[in-house]
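Protein chains in written order, with this note's numbering: chain A, 4 to 403; chain B, 4 to 403; chain C, 4 to 403; chain D, 4 to 403.
What follows is a set of notes on a single structure, which appears directly below.
Protein chains: 4
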Amino acid sequence: MSQRPYAHPPLSPLPTLAPLTPVAPDIVSLRDHEREARQHLDEARWAYLCGGAADERTVTDNQRAWQELRLQPRVLQHLRQGHTRLELLGRTLAHPLLVAPMAYQRLAHPDGELAMALAAAAQQTGLILSTQASVYLEHVAAVVQQMRDDTAPASASTPSIHTPLWFQLYMQPRWDDTLALIDRAQAAGFEALVLTVDAPVQGVRDRERRTGFTLPLDVAAVNLPPPTPSPEPPNAWTGVLRHAPTWQDIADLLRQLEQPSTHRRLPVLLKGILHPDDARRARDVGAAGVIVSNHGGRTLDTALPTAWALPAIAQAVGADLAVLVDGGLRRGTDVFKALALGADAVLIGRPCLHGLAHAGAAGVAHVLRLLRDELDAAMALCGCATLADIHIDRIFQKIE
Amino acid sequence: MSQRPYAHPPLSPLPTLAPLTPVAPDIVSLRDHEREARQHLDEARWAYLCGGAADERTVTDNQRAWQELRLQPRVLQHLRQGHTRLELLGRTLAHPLLVAPMAYQRLAHPDGELAMALAAAAQQTGLILSTQASVYLEHVAAVVQQMRDDTAPASASTPSIHTPLWFQLYMQPRWDDTLALIDRAQAAGFEALVLTVDAPVQGVRDRERRTGFTLPLDVAAVNLPPPTPSPEPPNAWTGVLRHAPTWQDIADLLRQLEQPSTHRRLPVLLKGILHPDDARRARDVGAAGVIVSNHGGRTLDTALPTAWALPAIAQAVGADLAVLVDGGLRRGTDVFKALALGADAVLIGRPCLHGLAHAGAAGVAHVLRLLRDELDAAMALCGCATLADIHIDRIFQKIE
Amino acid sequence: MSQRPYAHPPLSPLPTLAPLTPVAPDIVSLRDHEREARQHLDEARWAYLCGGAADERTVTDNQRAWQELRLQPRVLQHLRQGHTRLELLGRTLAHPLLVAPMAYQRLAHPDGELAMALAAAAQQTGLILSTQASVYLEHVAAVVQQMRDDTAPASASTPSIHTPLWFQLYMQPRWDDTLALIDRAQAAGFEALVLTVDAPVQGVRDRERRTGFTLPLDVAAVNLPPPTPSPEPPNAWTGVLRHAPTWQDIADLLRQLEQPSTHRRLPVLLKGILHPDDARRARDVGAAGVIVSNHGGRTLDTALPTAWALPAIAQAVGADLAVLVDGGLRRGTDVFKALALGADAVLIGRPCLHGLAHAGAAGVAHVLRLLRDELDAAMALCGCATLADIHIDRIFQKIE
Amino acid sequence: MSQRPYAHPPLSPLPTLAPLTPVAPDIVSLRDHEREARQHLDEARWAYLCGGAADERTVTDNQRAWQELRLQPRVLQHLRQGHTRLELLGRTLAHPLLVAPMAYQRLAHPDGELAMALAAAAQQTGLILSTQASVYLEHVAAVVQQMRDDTAPASASTPSIHTPLWFQLYMQPRWDDTLALIDRAQAAGFEALVLTVDAPVQGVRDRERRTGFTLPLDVAAVNLPPPTPSPEPPNAWTGVLRHAPTWQDIADLLRQLEQPSTHRRLPVLLKGILHPDDARRARDVGAAGVIVSNHGGRTLDTALPTAWALPAIAQAVGADLAVLVDGGLRRGTDVFKALALGADAVLIGRPCLHGLAHAGAAGVAHVLRLLRDELDAAMALCGCATLADIHIDRIFQKIE
């Protein structure tokens, strides 16, 4: 800890984004975007960006678990003046979607995270930037702020909608590097921290390894110190796991963030919670929220789908904490179901990458717009005028 | 409401129907009709007429849910003089099948709803005409009445069988338009109203959108005022949902229909009920019946299959109201199961369109005849001589 | 009943059977026989002989239901001197397999039921001859008796094994025709009657109808009076169902067979029972046994698989009556499971036709030998030296 | 028993092993090894080595049963200094994997069991040699001992890791042959006996029989007396089952091994236990452990998968005996789940053969290394630093 934290080189100016690409008219669903993206990425990039761990059963399970929930609509409800607004961490959001943190987005498109941020902000969609972003975090913040300014309501009569900007974080091997990253993100305008806790080691990424994927020279985690080569350890226990964070480390970090003397005041959400006891512990150490996630099926294959984990966690801590969920959401009805099972909001990951890969910012915006429209339709068809009307009773419980 | 209701232009004379087309001898089931119809319709018409919402999971679920119920027959019952007659809304019907309301049937065949009505009446099958019919409702009524006259029993000894003719209705944005439609349908001889309550917005019709379907110039909702172009609203909530009917609207309408002073006396069924509490509410506002339906999977994908929703609804209101069901019925055994789960009668939708598409009225009649014969066989093989013998005990309950 | 029963024409002499065809060495299971038979039969004969009702879901279910039961073996049991012998209707059988009654076997092979009988008797397998046999019942009895004589044990020390010969019967429209058939079967040496009670009407035989199957000129139900053409009735209720037998008819028949004055003394089994209450009623009217059957899925599609129906029926009447089962048994483990669920013996149908179709008597004998050997292996591997050791505890009950 | 036991011919010197073959870089999982092996073996060898009984449903079930268990990880546990060591039969093992006994490994590779032993020992993986090994058991023991010496820790500070070497045994028809084999194995350095108790007869090996597999001339069970030809018995009961061992035989053998006067002191595990009562009986007759196994689905098809049988057995005897399991384990997560359900260790069978078939000792070592690494990752990702942390609570229990 006595080492000096990593000092970042001066930033280059904000790059110019590519002109908008139109989205083909027969792309009308997130699966259409996926199909299209598959054409635009080589095998290795596809494997890295969209593949999962081992046999990719959790990847499949995640999607299927939402699909297999059946909706039981109510009819003739009062739907006029419905909307999708919600309160989250003290702000009013336009809708319950956020873009999930995903590493190295310049693998999908030259503009990478900048195009992603632009599209998200245009759709009033919160963005969670990955620690392993391939563009400078300050540039992302600038793009989001610019779009917020452009879309600010003309009059004070409209509710004051906020588009969130959060920073995803892995605890760094060196404590001071972690704090330096937090300081830098806060300074750039990021408003919350998302600590990923479900990946003490990499998953068994077979698809990726089969293609021999390595990062190309022009894509890197530009916000992190360059990796220091070290002798290959005999196994995981003596390798990366030496640095795996524990509940104690989280408690220490949160205590440090809470101290009155510190200028660090960002709320922290723990991402990767799958057990209600871990959710309770997150609450007890002072987290502002949990994200129910299995890392999109990229780490532990055959981990339970998040739709199965969510209800018990929402029941355990939903009254005290923000509960978000990701993994396999591909339809407005999936989002509706997540809210019915107790989530406050959801993260959308791979589908945004798909849009990005084949059509840049326009693709991402299209993906988010589709989901928003589908959510509107699902709410109306289930008889829910606001998110508060979405209760568990809209999920059919089959009595066998 | 002060605007004058839409005044309909004078009707043209009843068109001449095309000569009957024979049905190929290897078409022996509803699925054969579907396969054949698929050859006769282009991608876009098929998508509109036969497609469903989103991933079409509810379309598939509807069919599968009936199939997966297993029958447990009883043997050596007294079957002589069995029959399929039933009482429904005060009339005696030959059998428990009705043709479901479906829009724009001239997309499937030039004679559209006229051929459908002719075939239905020839098979003593009730017909529910869609608000969005592509022929004049008066013409349909004339065709049905003509066939009723032709098939009237010669002597008074035969039970007096009636072939129902009902009108399906969406609440129109303008109240007086709704009343004017009702008056016109009643004047033409329609005997009941089917209010569709499960489609406050259109579903996410991906298949349709992918093909770029639009109505051809020669097919229109000829019984409705022409649509008035209006500026595209930013989303559903400020668009169509401004006019979405509520329970209050239904109560108002039913009260109006009940007043002694009014000449309007048509019984009303609510179509699109999936929850027993909504069925109870339908009863409480004075509906004559409910139709358990998820709109054939065309609106809310992953809505529960109707076979799952039916039993609780039949139990809740079956003693008080007519309970009908539609969605995915493709076999006489499916119809038998619907009755065993508590339905009084069933609606058949897409299969009639399939017959219509490839063989006009003869195709529809063949479809209905197949179902009637299959129902006869299912009853005999399960040991039921009349519909009253069809109890829930014929559905096998597996004790795991 | 005043009409004279049908008087049968004099029999022709017993025909000479075709020479034995060897079975190919890569045919090692019943499914291999099925594949081979498929090559030897045209579409229409295959449809008639091996097809099922409607979508053939019960055909598939029957097989799957046995397969999905999991065995939980016990080890190190005393297996020396094990055997498969059983007592059934007062006789000692070599093993618990019988050939199911199947109509018109000459459709599969020129020697038809004669080859089937020869093979069955050679494998000490009981035979149930169909009313609709395409050879004279007396000829079948002669073939069986000849084989019994040929394989009689040389000394009295071997247990006296008997190979049963039963006659399957549909109640005929005319009572005296029924009695005449029974008399004739008894005179020929048949030892029990199998009354089929699950087919008051034909099933919805789509596959058959698609191929336009009709009986060829040289295949007929030679033991029955020729069908008298009659005007096509408007539907099933006024057609065949006029003659559908009832419990009263069965009771009358059994009473007649029981009278001390009568020379008719054949025990009667009811075939097609799927409900325990019907099994109880069969017992109460005096049946000697029931055969749990859904007619091989040829009549009512989506009827429950027999493996699901068997346990409750065996529990209801297994102590009082012989309980047999058929439908979808394709492996020695399937037979083992049927016995574990309470059956005394099983009927094998289509697999025998498969063997017959491609290799005549040798094919049938091979099928039966495979099943016998597989049953031996299943018993030994589950730790059962005799049929009496096969209890329900060998079926794994998953505690979810 | 008065016959003299089989006297083995003098051993030839230890053969030289083939040079190591590299494993292709796109082979990153056990399924990749399987695919590769499939290319290297002809149909008949593949059928014998990797096929299963009958329809191979248990082969498939075994794998699927592990896959369908869902993991529910815990996060932020203390993982530093984790490891996979365990105590088994009084020794410390590096990890909970052993190579299962498999016959005739020279069918897969000319070096057969010698290459297998070399690779196993190199990976500190215990080896169970089959009675039907195709190389001399003394040679296998020599290879293992050599590798143990080569990898012995330089200093006393490292925990003293032992690589087990066990001998699998079928009871021989002649008692003295059984004892002679045990003596010989013990003399060679084998440390435990694995008595296979689930194969009193061969399974119904359809795939093998279809290919007409027979042992080639250069592969034989060199540690057994040559088979004495005997007249083919009429069926299993009078054939091999005459010699099928019983609980009494096991008790006799174990008593003999326990006598203070005897030099035979090897602990005995019974392999092929699937019922908790049989596990209790194994304990009561003095076994040191049980191996939950269905013989890899090679004997009784539709036997329950081992993942279903394990929990009740572990609960019944896990406190008293070593409980091992095999069948269908293909992933580190599968191994993790087996431990969570109560196993102390697992046996890996076919995957080792796959590695052997296409890349000899290097292939086997690669298979074992993959599994070890995957187990490390699964433990870390589930929040378990040692095997003792792996509890049943990591298996998600869905509340339906």
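Every residue, glycine too, gets a C-beta built ideally from N, C-alpha and C.
Note that the structure is a prediction, hence the values are computed from the model and not measured.
- Query: Taking contact to mean at least 3 C-beta pairs separated by less than 8 Å, is the region 229 to 238 of chain D in contact with the region 306 to 316 of chain D?
  - Reply: Contact fails between the region 229 to 238 of chain D and the region 306 to 316 of chain D, because fewer than three Cβ pairs, one in each stretch, are under 8 Å apart.
- Message: Any beta carbon from chain F within less than 8 Å of A:Gln127's own beta carbon?
- Response: Although the question refers to chain F, the structure presented lacks it and instead comprises the protein chains A, B, C and D.
- Message: Going by C-alpha to C-alpha distance, which of D:Asn65, D:Asp29, D:Pro314 sits closest to D:Gly299?
- Response: D:Gly299 has its Cα closest to that of D:Asn65, out of D:Asn65, D:Asp29, D:Pro314.
- Message: Once DSSP output is grouped into helix, strand and coil, what is the label at A:Gln175?
- Response: Here A:Gln175 sits in coil by DSSP.
- Message: Let me confirm a value: B:Glu1 is counted as buried when at least 16 other C-beta atoms fall within 10 Å, else exposed. Which label applies?
- Response: Summary: the structure shown does not reach residue 1 of chain B, with chain B confined to residues 4 through 403, and so no result is reported for it.
- Message: Whole angstroms are fine: how far does the CA of D:Asp179 sit from the CA of C:Gln121?
- Response: Before going further, note that residue 121 of chain C is Leu rather than Gln in the sequence given. Each residue's alpha carbon lies about 48 Å from the other.
- Determine the chain A residues that contact D:Gly31 at a beta-carbon separation under 8 Å, and present them in chain order. Just to set this straight, residue 31 of chain D is Val in the shown sequence, not Gly. Listed along chain A are Asp209, Arg212, Arg213, each with a C-beta nearer than 8 Å to that of D:Val31.
- Item | Local Cβ density within 10 Å of C:Pro18, reported as buried at 16 or more and exposed below that | Counting Cβ neighbours within 10 Å, C:Pro18 comes out exposed, since fewer than 16 surround it.
- Between A:Ala348 and A:Leu91, which are expected to be in contact by the criterion C-beta below 8 Å, what is the C-beta distance as a whole number of angstroms? The pair is a contact, with the Cβ atoms about 6 Å apart (cut-off 8 Å).
- Taking C-alpha atoms, which residue in D:Thr181, D:Arg83, D:Leu378, D:Tyr51 lies nearest to D:Thr217? When only C-alpha atoms are compared, the closest one is D:Tyr51.
- Message: Between A:Asp252 and chain B, is any beta-carbon pair separated by less than 8 Å?
- Response: By the rule that beta-carbons nearer than 8 Å mark a contact, A:Asp252 does not touch chain B.
- At a Cβ threshold of 8 Å, is B:Leu307 touching chain A? Using a CB distance cut-off of 8 Å, B:Leu307 counts as an interface residue toward chain A.
- Query: Under a Cβ-count criterion, where at least 16 other Cβ atoms within 10 Å of its own Cβ denotes burial, should C:Leu220 be classed as buried or exposed?
  - Reply: With a threshold of 16 other beta carbon atoms within 10 Å, C:Leu220 falls short and is exposed.
- Item | Inter-residue CB distance, D:Phe399 and D:Arg83 (contact presumed, cutoff 8 Å) | The beta-carbon separation of D:Phe399 and D:Arg83, rounded to 27 Å, does not stay under the 8 Å limit for a contact.
- Message: Cutting at 8 Å between CB atoms, please list the residues of its own chain near C:Gln80, excluding the five before and the five after it.
- Response: Gly386, Cys387, Ala388, Asp392, listed in sequence order.
- Of all the alpha helix (DSSP H) runs that stay within the bounds of the region 304 to 342 of chain B, which reach a length of 4 or more residues? Positions of the alpha helix (DSSP H) runs, each at least 4 residues long and wholly inside the region 304 to 342 of chain B, are given as 309 to 320 in order along the chain.
- Task: Counting only the same chain and skipping the five closest in sequence on each side, list residues whose C-beta sits under 7 Å from that of A:Lys401.
- Result: The answer is none, since no qualifying residue turns up.
- Taking only runs that begin and end inside the region 18 to 65 of chain B, name each unbroken alpha helix (DSSP H) of 4 or more residues, in chain order. Runs of the alpha helix (DSSP H) lying entirely within the region 18 to 65 of chain B and spanning at least 4 residues, in chain order: 33 to 43, 46 to 53.
- Within chain C, the residues that B:Gly85 reaches when beta carbons sit closer than 9 Å: Residues of chain C passing the Cβ test: Ala239, Trp240, Leu244.
- Item | Segment limits, beta strand (DSSP E) that includes D:Thr199 | 196 to 199 is the extent of the beta strand (DSSP E) around D:Thr199.
- Does any residue of chain A bring its CB to less than 8 Å from the CB of D:Asp153? Taking Cβ atoms only, chain A never reaches closer than 8 Å to D:Asp153, which makes this a no.
- Task: Given a cut-off of 8 Å, decide if D:Val326 and D:Gly345 are closer than it, judged by their beta-carbon atoms.
- Result: Yes.
- Which class does D:Arg94 belong to by DSSP, given the choice of helix, strand or coil? The answer is strand: DSSP assigns D:Arg94 an E or B state.
- Query: On the three-state DSSP scale, how would you describe D:Gly275?
  - Reply: Assigned with DSSP and collapsed to three states, D:Gly275 falls in strand.
- Message: So, at 6 Å on beta carbons, what are the nonlocal neighbours of C:Thr336 in its own chain, with the 5 sequence-adjacent residues on each side left out?
- Response: The beta carbon of C:Thr336 sits closer than 6 Å to those of Ala381, all from its chain and outside the five residues before and after it, given in chain order.
- Query: For the region 231 to 273 of chain A, which segments carrying the alpha helix (DSSP H) assignment without a break, of at least 4 residues, lie completely within its bounds, in sequence order?
  - Reply: Segments of the alpha helix (DSSP H) lying fully in the region 231 to 273 of chain A: 250 to 261.
- Query: From what residue to what residue does the alpha helix (DSSP H) around A:Leu356 run?
  - Reply: A:Leu356 -> alpha helix (DSSP H) spans 353 to 385.
- Task: Kindly indicate if chain B contains any beta-carbon less than 8 Å away from that of C:Thr134.
- Result: Between C:Thr134 and chain B, the shortest Cβ-Cβ separation is not below 8 Å.
- Message: For B:Ala317, tell me which candidate among B:Gly331, B:Val288, B:Ile294, B:Leu332 has the shortest Cα-Cα distance.
- Response: Looking from the CA of B:Ala317, the closest CA among B:Gly331, B:Val288, B:Ile294, B:Leu332 belongs to B:Ile294.
- Could you work out which residue in B:Ile276, B:Gln127, B:Leu172 is closest to B:Ala166 when comparing CA atoms only? Position check: residue 166 of chain B holds Thr in this sequence, whereas Ala was assumed. When each option's Cα is compared against that of B:Thr166, the closest is B:Gln127.
- Going by the CB atoms, is the gap between C:Asp304 and C:Pro54 shorter than 8 Å? Note that residue 54 of chain C is Gly in the sequence shown, not Pro. Remark: C-beta atoms of C:Gly54 and C:Asp304 do not approach each other more closely than 8 Å.
- Message: Closer than 8 Å is the cut-off here; do at least three beta carbon pairs connect the region 21 to 41 of chain A with the region 353 to 361 of chain A?
- Response: Contact between the region 21 to 41 of chain A and the region 353 to 361 of chain A is present, because at least three Cβ pairs lie under 8 Å.
- Message: Counting only Cβ pairs nearer than 8 Å, list the residues of chain D close to C:Thr336.
- Response: Ordered by position in chain D, the residues that pass the 8 Å Cβ test against C:Thr336 are Ala57, Leu303, Asp304, Thr305.
- Query: Do you know offhand how far A:Asp281's Cα is from B:Trp240's?
  - Reply: Looking at the two C-alpha atoms, the distance is approximately 39 Å.
- Message: At the 8 Å Cβ level, is C:Ile276 part of the contact set with chain B, yes or no?
- Response: Cβ-Cβ to chain B under 8 Å: yes for C:Ile276.
- Length of the line joining the Cα atoms of C:Thr95 and D:Leu140: The straight-line gap from Cα to Cα measures roughly 50 Å.
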